[in-house]
Amino acid sequence: MNTLLHTLIFTCREAGLLIEKKREIQLSAMTGIRLKLHLSACKSCRIYATQSEQIHQALKKNLIIDDLKVIENELLKAKILNNLKKE
Ligand SMILES: [Zn+2]
Numbered sequence: 003m004n005t006l007l008h009t010l011i012f013t014c015r016e017a018g019l020l021i022e023k024k025r026e027i028q029l030s031a032m033t034g035i036r037l038k039l040h041l042s043a044c045k046s047c048r049i050y051a052t053q054s055e056q057i058h059q060a061l062k063k064n065l066i067i068d069d070l071k072v073i074e075n076e077l078l079k080a081k082i083l084n085n086l087k088k089e
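Numbering of the sequence shown is given in our numbering, commencing with residue 3 and proceeding in unit increments.
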C-alpha cells in the first residue's frame, strides 16, 4: 500500500499490533474504523487476522480442556478418598 493510505489507515505493522490488541481491550471508535479500512484494503492483514483468531481459539479450547481435566482429576480424587473411607 502507498504511504498516503498508511497515513490514513495504519501500516501493516500497526494493523497487526491492533489486531492483537483488539482481542484484549476495546479500541477507540476512530481506531476501529481505521483498522477496518486497513483490513478492507490489505489482504495480507486479513489473512493474518483470520489465522491469529484461529490460533487464539485453538489455544483457548485447549486451555479449557486442560481445566476440565484438572476438575475431573479432583472429582476422581474425591471419589477415591470417599471409597477409601468406606472400607
Ligand atoms: Zn496490512
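Each residue gets a CB set at the ideal place from its N, CA and C atoms; glycine is no exception. Predicted, not measured: the structure shown is a model, and the values here were computed from it.
Exposure of L77 is indicated by the presence of fewer than 16 other C-beta atoms within 10 angstroms of its C-beta.
In this structure, L65 lies away from A51, with their beta-carbon atoms at least 9 Å apart. Bounds of any alpha helix (DSSP H) do not take in I27, whose DSSP letter is neither H nor E.
Rounded to the nearest whole angstrom, the CA to CA distance from S46 to I21 is 12 Å.
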